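Novice:
Protein chains: 2
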Amino acid sequence: MPNNLIEKCDCDVIHQDVVNQVKDKMPQEDLLYDLAELFKVFGDSTRIKILWALDEAEMCVCDIAFLLNMTQSAISHQLRVLKQTKLVKNRKDGKVVYYSLIDDHIKHIFNQGLVHINEK
Amino acid sequence: MPNNLIEKCDCDVIHQDVVNQVKDKMPQEDLLYDLAELFKVFGDSTRIKILWALDEAEMCVCDIAFLLNMTQSAISHQLRVLKQTKLVKNRKDGKVVYYSLIDDHIKHIFNQGLVHINEK
DNA sequence: GTATCATATGAATAGATAATCAAGTGTTCA
DNA sequence: TGAACACTTGATTATCTATTCATATGATAC
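Here you go:
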């Protein structure tokens, strides 16, 4: 154990061999952080609904707000988040802005999540 | 539009046909809520790390705390969340509590997430 | 121009949450 | 029995976040 590290766990029963083995197999810190950030985006039912809806059809902000019975402002804020995460794109037609999905893996990730839920 | 509903969007350009079509295809509100709750659990890098680690090997609280350089208490709190979500289980051996994964879909969900990240 | 409409945005607020700290279980072992 | 240990738990706190409200932008139509 390097002595320049302040280890926060001072347990005696640590299984060093197992821990080292696992440590070697763990992905980069950054990658796991990015992964958590992605799931954080999915971790809100409003955004889940928006993504699910956009997987069915391209829609304008107004349509989504009406569909989910929420204010246009709330939807707009969430669409901003989804756009920053590169999950949705938009096109402008006059005053109206149409949103659609970028990534076609999304539904697959959702379905895998549902598998877990149905098994509980 | 049923007049007993307070619609929060009063736009004029709503594409009624599209909205209705999407509405029919949307899963139950509860299901999408549960799905968001699941992803919320994945939306924290500490929990992601714990789950990834436990996918490699069964470990005690102490091992995980040491591996992630966090306090045992913080890990214990997160393990509680993961247990409530039925993502991990534990067994007791004397003073030591060993945790392991329940669901083998988890890694698959993570890998799908990574596909999205790598495509950005 | 200006009125209207669809959307965006910034500030504010209420609610959620992750880590910390301190105290509590329950087990082992001397 | 009681000290030591692995872990849990409850309260607290700092931080984050989703919605709301008010206002801004940018396009259309008159």
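Line order of the protein sequences matches chains A and B. Numbers in my numbering are just positions in the first sequence, counted from 1, shifted up by 10. Numbers in my numbering are just positions in the second sequence, counted from 1, shifted up by 10. Even glycine gets a Cβ: it sits at the ideal position worked out from N, Cα and C. Note that the coordinates shown come from a computational prediction; the quantities given were computed from them, not determined experimentally.
#1: So, K59 (chain B) versus L78 (chain B), is the Cβ gap smaller than 8 Å?
#2: Compute the beta-carbon to beta-carbon distance between G123 (chain A) and I119 (chain B), rounded to the nearest angstrom, for a pair I have assumed lies under 8 Å.
#3: Please classify H87 (chain A) as buried or exposed, where buried requires at least 16 other C-beta atoms within 10 Å of its C-beta.
#4: Taking 7 Å as the limit between beta carbons, can you name the residues of its chain near I116 (chain B), skipping five residues before and five after?
#5: Determine the chain B residues that contact K35 (chain A) at a beta-carbon separation under 7 Å, and present them in chain order.
#6: Flag this pair as yes or no: are the beta carbons of A75 (chain B) and K105 (chain A) separated by less than 8 Å?
#7: Is the beta carbon of C72 (chain A) closer than 8 Å to that of V125 (chain B)?
#8: Select from B:H25, B:V28, B:E68 the residue whose C-alpha is nearest the C-alpha of L111 (chain B).
#9: I'd like the span of the alpha helix (DSSP H) that includes K50 (chain B), first residue to last.
#10: I'd like to check one pair, L89 (chain A) with Y108 (chain A): are the Cβ atoms closer than 8 Å?
#11: Check whether the Cβ of Q88 (chain A) lies closer than 8 Å to any Cβ atom in chain B.
#12: Can you give the beta carbon distance from V51 (chain A) to T95 (chain A), rounded, assuming they're within the 8 Å contact cut?
#13: Relative to the alpha-carbon of E129 (chain B), which residue among A:D34, A:I127, A:L48 has its alpha-carbon at the smallest distance?
#14: Between A63 (chain A) and M36 (chain B), is the Cβ-Cβ spacing less than 8 Å?
#15: Kindly indicate if chain B contains any beta-carbon less than 8 Å away from that of N100 (chain A).
#16: For a contact defined as C-beta to C-beta under 9 Å, what are the partners of Y43 (chain A) on chain B?
#17: With burial defined as no fewer than 16 other Cβ atoms inside 10 Å of the residue's Cβ, what is the status of D40 (chain A): buried or exposed?
#18: Quick one: is L48 (chain B) near chain A, going by C-beta distance under 8 Å?
#19: Along the segment 107-127 of chain A, where does the CB come closer than 7 Å to a CB of chain B? Name the residues.
Specialist: Inspection of the coordinates gives the following:
#1: Within the second sequence, the letter at position 49 stands for residue 59 (chain B). Within the second sequence, the letter at position 68 stands for residue 78 (chain B). A contact, by the Cβ cut-off of 8 Å.
#2: As a first step, residue 123 (chain A) is located in the first sequence; it is residue number 113 there, counting from the start. As a first step, residue 119 (chain B) is located in the second sequence; it is residue number 109 there, counting from the start. Going by Cβ atoms, the distance from G123 (chain A) to I119 (chain B) rounds to 6 Å, so yes, they are a contact pair.
#3: On the first sequence, position 77 is the one that residue 87 (chain A) refers to. H87 (chain A) should be labelled exposed.
#4: Here the question's residue 116 (chain B) lines up with position 106 in the second sequence. Within the same chain, I116 (chain B) has close Cβ partners L61, D65, L97.
#5: The sequence position of residue 35 (chain A) within the first sequence is 25, counting from 1. Here the neighbours are E66.
#6: Here the question's residue 75 (chain B) lines up with position 65 in the second sequence. Here the question's residue 105 (chain A) lines up with position 95 in the first sequence. No, Cβ-Cβ distance for A75 (chain B) and K105 (chain A) is not below 8 Å.
#7: Sequence index remark: in the second sequence, residue 125 (chain B) carries index 115 (1-based). Sequence index remark: in the first sequence, residue 72 (chain A) carries index 62 (1-based). Not in contact: V125 (chain B) and C72 (chain A) (Cβ atoms no closer than 8 Å).
#8: As a working mapping, residue 111 (chain B) is identified with position 101 in the second sequence. Nearest of B:H25, B:V28, B:E68 to L111 (chain B), Cα basis: B:E68.
#9: Taking the first residue of the second sequence as 1, we reach residue 50 (chain B) at position 40. Counting along the chain, the alpha helix (DSSP H) containing K50 (chain B) begins and ends at 39-52.
#10: Numbered from 1 along the first sequence, position 98 holds the residue referred to as residue 108 (chain A). Numbered from 1 along the first sequence, position 79 holds the residue referred to as residue 89 (chain A). No.
#11: Walking along the first sequence from the start, residue 88 (chain A) turns up at place 78. Chain B, which has no Cβ nearer than 8 Å to the Cβ of Q88 (chain A), makes this no.
#12: The residue you call residue 51 (chain A) lines up with position 41 of the first sequence. The residue you call residue 95 (chain A) lines up with position 85 of the first sequence. Going by Cβ atoms, the distance from V51 (chain A) to T95 (chain A) rounds to 5 Å, so yes, they are a contact pair.
#13: Stepping through the second sequence from its first residue, residue 129 (chain B) is reached at position 119. Cα-wise, what sits closest to E129 (chain B) is A:L48.
#14: Indexing the first sequence from 1 puts residue 63 (chain A) at position 53. Indexing the second sequence from 1 puts residue 36 (chain B) at position 26. Yes, the pair counts as a contact, with Cβ atoms nearer than the cut-off.
#15: Counting from 1 along the first sequence, the entry for residue 100 (chain A) is found at position 90. Taking Cβ atoms only, chain B never reaches closer than 8 Å to N100 (chain A), which makes this a no.
#16: Start at 1 with the first residue of the first sequence, and residue 43 (chain A) comes out as number 33. Result: S55, I58.
#17: Locating residue 40 (chain A) in the first sequence gives position 30, where the first residue counts as 1. Exposed: under 16 other Cβ atoms inside 10 Å.
#18: Looking up residue 48 (chain B) in the second sequence gives position 38. Yes, contact with chain A.
#19: D113, H115, H118, I119, F120, Q122, G123, L124, V125, H126, I127
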